[in-house]
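Letter 44 of the sequence shown, counting from 1, is numbered 44 in the working numbering, and no numbers are missing.
Beneath this line is the structure, given in structure tokens, with notes to follow.
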Amino acid sequence: PAGSICATLLAREGLRVALVDPRPTRPFAIGECLPDAGVSNLRQLGLPFANTPGIHRRIRGVHSRWRDQDIVQDTMTLPGGGGWRLDRARFEQDLLDAAVVVGTELHADRVRDIAWQDGAWRISTDRQLLRADLAVDATGRSARIARRLGAEQTSDAPQIAVWATGMP
1 PAGSICATLL
11 AREGLRVALV
21 DPRPTRPFAI
31 GECLPDAGVS
41 NLRQLGLPFA
51 NTPGIHRRIR
61 GVHSRWRDQD
71 IVQDTMTLPG
81 GGGWRLDRAR
91 FEQDLLDAAV
101 VVGTELHADR
111 VRDIAWQDGA
121 WRISTDRQLL
131 RADLAVDATG
141 RSARIARRLG
151 AEQTSDAPQI
161 AVWATGMP
């Protein structure tokens, strides 16, 4: 989602944008929630968020535990309410479609190598060579691009997740 959002905003500013995204099919994963504040941000940016019943489902809250602290966020404690459980594949596709509509060139491919050369980024994919003045690493927690360029990851305490749904 970060890559699609960034591409949309840059293309709206008149820049020529290429988005390299292999578009893997992801199975459902836990933690696919978006608080109402996130939905509000998407709307302020003019980005899609489908409210059609059955696409994304309203949730009443989230109960999480970080180290020794319980955090309960519900319709009474969160501005705007509890949030949304996403159909992640649809959410990502809607954002990708929005980027393409404003002129982003989509390359369904993987970045294989990236290097600064002759005043521009040289980006090799499986199928082609791209050159760019600016490169954005939107690979998330893995930071695949940044790590190739020498960035180091740091980590905090190990985490474990337990996930469940409940009915009121």
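All C-beta atoms, glycine included, are put in the ideal place defined by N, C-alpha and C.
Please read these numbers as outputs of a predicted model, since none were measured by experiment.
Identify every residue that forms a DSSP beta bridge with residue i.
i: Asp-113; result: Ser-124
i: Ala-132; result: Trp-121
i: Arg-23; result: Arg-23 is not bridged to any residue.
i: Ser-64; result: Ile-71
i: Arg-85; result: Cys-33 and Arg-57
Would you mind sorting residue i into buried or exposed? The rule is 16 or more other CB atoms within 10 Å of its CB.
i: Asp-109; result: buried
i: His-56; result: buried
i: Gly-14; result: exposed
i: Pro-158; result: exposed
i: Ala-11; result: buried
i: Asp-21; result: buried
i: Gly-3; result: buried
i: Ile-59; result: buried
i: Val-101; result: exposed
To the nearest angstrom, how far is it from the Cα of residue i to the Cα of residue j?
i: Val-94; j: Thr-139; result: The question names Val, but residue 94 is Asp in the sequence shown. Roughly 18 Å separates the two Cα atoms.
i: Leu-34; j: Gly-83; result: 6 Å
i: Arg-67; j: Asp-36; result: 25 Å
i: Gly-192; j: Gln-117; result: The chain is shown only over 1 to 168; residue 192 falls outside these bounds and no answer can be derived.
i: Phe-49; j: Ile-5; result: 12 Å
i: Arg-23; j: Leu-45; result: 23 Å
i: Ala-151; j: Arg-127; result: 26 Å
i: Ile-114; j: Asp-156; result: 28 Å
Check residue i in the structure and name its three-state DSSP category.
i: Ile-5; result: helix
i: Arg-144; result: helix
i: Ser-16; result: The sequence given here has Arg at residue 16, not Ser. Correct three-state label for Arg-16: coil.
i: Leu-34; result: strand
i: Leu-106; result: strand
i: Ser-40; result: helix
i: Leu-10; result: helix
Under 8 Å by Cβ, that's how I've got residue i and residue j pegged, so tell me the actual separation to the nearest angstrom.
i: Thr-8; j: Ala-135; result: With a Cβ gap of about 17 Å, Thr-8 and Ala-135 do not count as contacting.
Any C-beta of chain C sitting closer than 8 Å to the C-beta of residue i?
i: Asp-118; result: The structure shown has no chain C; it contains just one protein chain.
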